[in-house]
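This report concerns only the one structure given below.
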Amino acid sequence: MSTLTATVGMPVSRIEGVAKVTGQARYAAEFPLAGLAYGWVAQSTIARGWIDSIEAEAVLGLPGVLAVITHQNALPLQAVDDGELLVLQDRRVHYRGQTVALVVASALEQARAAADALPVRYDPEPHDVLLSADHPGLFAPDHVNPNLPTDTLTGDVDAGLARAEVTVEQTYSTPAEHNNPMEPHATTAYWDGDRLTVYDSNQGATRVHQALVQLFGLQDGAVRVVSEHVGGGFGSKGSTRPQTVLAAMAARMLDRPVRVTFTRQQLFSLVGYRTPTIQRVRLGADPSGRLGALDHEVFEQTSTLYEFAEQTAAFSRVMYAAPNLRTRHRLVALDVPTPRWMRAPGEAPGSFAVESAMDELAEACGVDPIDLRVRNEPTVEPEGGRPFSSRNLVACLHDGAARFGWTGRDPRQGFRRDGRWLIGTGVAASTYPARSMPSTASVALEADRFVVRVTAADIGTGSRTALTQVAADELGVPLERVDVRIGDSDYGPAMVAGGSMGMASWSWAVVKACRQLRAAIIRHEPVPDGGLVAHADTTDDILAQADLVRHSFGAQFAEVRVDIDTGEIRVPRLVGVFAAGRIINAKTARSQLIGGMTMGLSMALFEESLMDAQFGDYLNHDFAGYHIAAHADVHTIDVNWIDEHDDQLNPLGVKGLGEIGIVGTAAAIANAVYDATGHRQRHLPISPERVLTA
Amino acid sequence: MREFSYARPSQPADALTAIAGTRGARYLGGGTNLVDLMKLGVESPGLLVDVTALPYDLVEEGAGGGLRVGSGVRNSDLAANMAVRRRYPALAQAVLAGASGQLRNMATVGGNLLQRTRCSYFQDVTKPCNKRVPGSGCPARQGEHHNLAILGASPHCVATHPSDMAVALAAFDAVVHVEGPAGPRQVPLSELYRLPGDEPQHETTLDSGTLITTVELPALPLAANSRYRKARERASYAFAIGSVAAALAVVNGVVVDVRVALGAVAPMPWRAHLAEQALRGGPATEQAFKEAADAELARAQPLRDNRYKIPLLRNLMVRTLSELLEAS
Chain Z
1 MSTLTATVGM PVSRIEGVAK VTGQARYAAE FPLAGLAYGW VAQSTIARGW
51 IDSIEAEAVL GLPGVLAVIT HQNALPLQAV DDGELLVLQD RRVHYRGQTV
101 ALVVASALEQ ARAAADALPV RYDPEPHDVL LSADHPGLFA PDHVNPNLPT
151 DTLTGDVDAG LARAEVTVEQ TYSTPAEHNN PMEPHATTAY WDGDRLTVYD
201 SNQGATRVHQ ALVQLFGLQD GAVRVVSEHV GGGFGSKGST RPQTVLAAMA
251 ARMLDRPVRV TFTRQQLFSL VGYRTPTIQR VRLGADPSGR LGALDHEVFE
301 QTSTLYEFAE QTAAFSRVMY AAPNLRTRHR LVALDVPTPR WMRAPGEAPG
351 SFAVESAMDE LAEACGVDPI DLRVRNEPTV EPEGGRPFSS RNLVACLHDG
401 AARFGWTGRD PRQGFRRDGR WLIGTGVAAS TYPARSMPST ASVALEADRF
451 VVRVTAADIG TGSRTALTQV AADELGVPLE RVDVRIGDSD YGPAMVAGGS
501 MGMASWSWAV VKACRQLRAA IIRHEPVPDG GLVAHADTTD DILAQADLVR
551 HSFGAQFAEV RVDIDTGEIR VPRLVGVFAA GRIINAKTAR SQLIGGMTMG
601 LSMALFEESL MDAQFGDYLN HDFAGYHIAA HADVHTIDVN WIDEHDDQLN
651 PLGVKGLGEI GIVGTAAAIA NAVYDATGHR QRHLPISPER VLTA
Chain A
1001 MREFSYARPS QPADALTAIA GTRGARYLGG GTNLVDLMKL GVESPGLLVD
1051 VTALPYDLVE EGAGGGLRVG SGVRNSDLAA NMAVRRRYPA LAQAVLAGAS
1101 GQLRNMATVG GNLLQRTRCS YFQDVTKPCN KRVPGSGCPA RQGEHHNLAI
1151 LGASPHCVAT HPSDMAVALA AFDAVVHVEG PAGPRQVPLS ELYRLPGDEP
1201 QHETTLDSGT LITTVELPAL PLAANSRYRK ARERASYAFA IGSVAAALAV
1251 VNGVVVDVRV ALGAVAPMPW RAHLAEQALR GGPATEQAFK EAADAELARA
1301 QPLRDNRYKI PLLRNLMVRT LSELLEAS
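If you're matching them up, the sequences are chains Z and A in order.
Letter 405 of the first sequence, counting from 1, is numbered 405 in the numbering used here, and no numbers are missing.
Heads up: take any position in the second sequence, counting from 1, add 1000, and you land on the numbering used here.
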């Protein structure tokens, strides 16, 4: 076999890049089908109550209208846990913006006009849409996501706090935030007899396949989900969303292909968002900053349709060596859309509170914020006591400090100035779980090419390219001889692109399949009729893993400039250093980390979904009202990773990169704003208004 | 489907005739606001009369050293015009502070003046709004209003006018030339807009069907020392939360002339006459600037969540005037 340079680790450009920029890459709403009809949702204008009547007849005569699907005529669906998917099944209205009808027409514009004109009458009830820490409906959920204990307790936190010579006790909050991927959620569905095919925008075709099988009561083989190209998700496409069910239902009822695409505005009520959080953090330490107690209590919301419990305090369970450690989550079910995953669910909001509190503790103790973190570095998992598979937070902090020029930082606040700008610097730590989940993959030798099939998703991250590198190296062939086909549920079950588990899970199955095929070739096994092919399933491998705590870690540094007159904040410089195991593709990895930190900057300064208490919806539901960082807000973002080898993860030692970039960014910026101004910002986003009135 | 007709006349008379003959017809400039409002269902015109082929696409020298800006001039072209940049720098700065490059390439001067408020309630047809449906109520007073008016509002409407450009034009005493059913007319910018009172649906003093043809910038040597400063919630592509257009002339430490207009605080670009009066003939000092700002803002009537605009606008006025003092 020829000697080939390994491609894993190299900055390989996206394989589908040309297809995307030339418009040849097809997204879910772009598949042309004969006889295609278009569905448009009519949304409730009350936040709680009942549909009294829907006058479908009033619009059925409008040009092009084919059907009005409501609770009165909708196809019955089989029960599933996720109430958001049981569309049009009853009269109940759970939130403002809920789908109350799907109007189907020959043209998109016709469907839209008819949906807007559809008369719907309601029996409204008073709604309850505002989260507060003293809401009478707060309860302890059975567990928090993904399946973690709601509360944990090690030692005696109250006694630890009472003994502490230095304490920080503060409340922090983060607002509701919406994922807003570039590509809105869309599905094109058609039935061929009893076999359903959907072109669907999602982060994992396997999960969508499973949901459709359940909802429509079908056999496994009767559903195919195709998601070859996906324009981002940030968690909002991590499981099936209602447009998929609506399109499949309408296609069945009308016996023709139907497409349902949500608008940007509709995404603000129909596909999820990050729950707002209220977080009480109590830290107790000795004068050197060594923690004696850490208490992290979280209040957050869910809907009345589905219990979604964000694991916000999970961050505190792994970060610092506090002998007395308590974490608690309390949830209230409000008349709001169901919150869902959004990039680094749990750790993103949780790290804002705890990493801000650590900065407050550093100041209270007169200890440098980096020294404080190093001083509280645990040797084992603080909650539970299990060993880490690898933990390189300290290395990230020190490497980042050197890159950023942290050493010698003046601890005084509010005195560094450049004209009308106040200048400050801040640091925060990052972490995210590094999990691998069962997946299957196959690789076949077809003519002179190796074809890998895995139900992975490439939501813009570069996973197709990274998996090609993985397969090429394992097979010992150049990249050009490998075709990686993804996003098709017919390839067999695989993990979603979510929770930083995509590459860690898929690469394992691909490596396993490639090694099997290579072994078969080396053994000169006779080629069977169907060609040479190897199938792999990692379920047993993953069950056999040792009981370790597997996390990536990182350190983020921010420099900010605060306008004295307007409170406007600029971030000229962010530095991030990450320990995230093996990096498969240096180019797409760097892009993903820059993206995460940019989203963290956006979370720190801009993003906020405003709940309109009178009407019960998120009011600023477009890009003019919901601000995401613009190019002018993003300056130097310096991304680095340390060389980390962890043989307790998966064959390649991959930890995953999707989330960690956003974890800690907001705290680093908030801490820098404190350094610049002397005013602590405990509520996001840090708007000019908050700076001016501090 | 909401069908509409479309015409793109090249002669002003044809535009006026087309509009006059059709109920609910609208002039269409760059479409950067009207098309959005059509998609939202806020506007549903039966006829769009595209005015971008009319002969109003030039910036020309006006009488006595002023400029005449055609209503169809694109924002990008206005901001790039050397005469504007030299003689009315605050106007170029204001235009460049607005929207995005793509929008500025489309948006026209006339359309910019007549754009509608971005109040969330106005833009959501499922909610009440006195401006959109007279008498339906104003949820913004109790609801979300952190970027709505502190000056000139009424119990019926607290919307702000969103333009940056118009703030600079207000400072420079621009005059709007219009053609209408009753013939040509000139309207000082200060008289173009109406405060909402109890009829917030009426936003301007123009009769239905009136077409803006030209915006005249009078000769104003003072304007060469002018600035536009906009505060916003992100570095670009955001409406102002407060802005100031100002021009200052100082001789021997005394303010001989001054212009100040404020944006994002009122239903119209807000000329700060009280601040100007306080400054004219007095010392050009930071203390005087503060007192002038306070004089203007003393009549502000903030709501629950927009009080921050008072210190914001005060700081913006003081800073902008201080910078102009340094530059003068």
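Glycine residues also receive a C-beta, built at the ideal position from the N, C-alpha and C atoms.
CB of residue i within 8 Å of CB of residue j, strictly
i                : j                : result
V168 of chain Z  : A364 of chain Z  : yes
D335 of chain Z  : G137 of chain Z  : no
P349 of chain Z  : T277 of chain Z  : yes
G1279 of chain A : V1251 of chain A : As written in the sequence, residue 1279 of chain A is Leu, which differs from the Gly given in the question. Their beta carbons are not under 8 Å apart, which means L1279 of chain A does not touch V1251 of chain A by this criterion.
L361 of chain Z  : V166 of chain Z  : yes
R485 of chain Z  : F450 of chain Z  : no
A668 of chain Z  : Q556 of chain Z  : yes
Y491 of chain Z  : R518 of chain Z  : no
P1196 of chain A : C1157 of chain A : yes
G658 of chain Z  : G462 of chain Z  : no
A247 of chain Z  : V198 of chain Z  : yes
G498 of chain Z  : G235 of chain Z  : yes
A1090 of chain A : A1168 of chain A : yes
Residue-chain proximity (residue i, chain Z), Cβ-Cβ < 8 Å
i                : result
E1326 of chain A : no
L1047 of chain A : no
N1105 of chain A : no
H1364 of chain A : This structure gives no information on residue 1364 of chain A, because the portion of chain A shown stretches from 1001 to 1328.
R1132 of chain A : no
S1163 of chain A : no
Contact with chain A by residue i, beta-carbon distance below 8 Å
i               : result
A101 of chain Z : no
M1 of chain Z   : Because M1 of chain Z sits at a pLDDT of 44, beneath the cut-off of 50, its placement in the model cannot be relied upon, and the point is left open.
G678 of chain Z : no
D52 of chain Z  : no
D473 of chain Z : no
T407 of chain Z : no
Q110 of chain Z : yes
P688 of chain Z : yes
F262 of chain Z : no
Length of the line joining the Cα atoms of residue i and residue j
i                : j                : result
E84 of chain Z   : T338 of chain Z  : 8 Å
P1162 of chain A : G554 of chain Z  : 42 Å
E183 of chain Z  : L218 of chain Z  : 29 Å
G1135 of chain A : L1262 of chain A : 29 Å
A47 of chain Z   : Y122 of chain Z  : 10 Å
A1275 of chain A : E1296 of chain A : 5 Å
T240 of chain Z  : H143 of chain Z  : 21 Å
R550 of chain Z  : R96 of chain Z   : 40 Å
Residue i in three-state terms, based on DSSP
i                : result
M1 of chain Z    : Its pLDDT being 44, under 50, M1 of chain Z is placed unreliably in this model, and the coordinates cannot settle the point.
T338 of chain Z  : coil
W506 of chain Z  : helix
P1283 of chain A : strand
D1207 of chain A : coil
M597 of chain Z  : helix
V271 of chain Z  : coil
Y1121 of chain A : coil
T588 of chain Z  : helix
N671 of chain Z  : helix
Q266 of chain Z  : helix
N1105 of chain A : helix
N640 of chain Z  : strand
Contact test: residue i Cβ vs the ligand FAD heavy atom, cutoff 7 Å
i               : result
V673 of chain Z : What this structure holds is no ligand at all, so the ligand FAD is not there to describe.
Return the residues of the region 589-615 of chain Z that lie within a Cβ-Cβ distance of less than 8 Å from chain A, sorted by chain order. L605, F606, L610, D612, A613, Q614 and F615
Listed from N- to C-terminal order along the chain, which residues in the region 420-436 of chain Z have their beta-carbon within a distance smaller than 8 Å of any beta-carbon of chain A? R420
If you measure beta-carbon to beta-carbon, which residues of the region 1291-1318 of chain A are closer than 7 Å to chain Z? Y1308, P1311, L1312, N1315 and L1316
Contacting positions in the region 1185-1216 of chain A - beta carbon closer than 8 Å to chain Z: none
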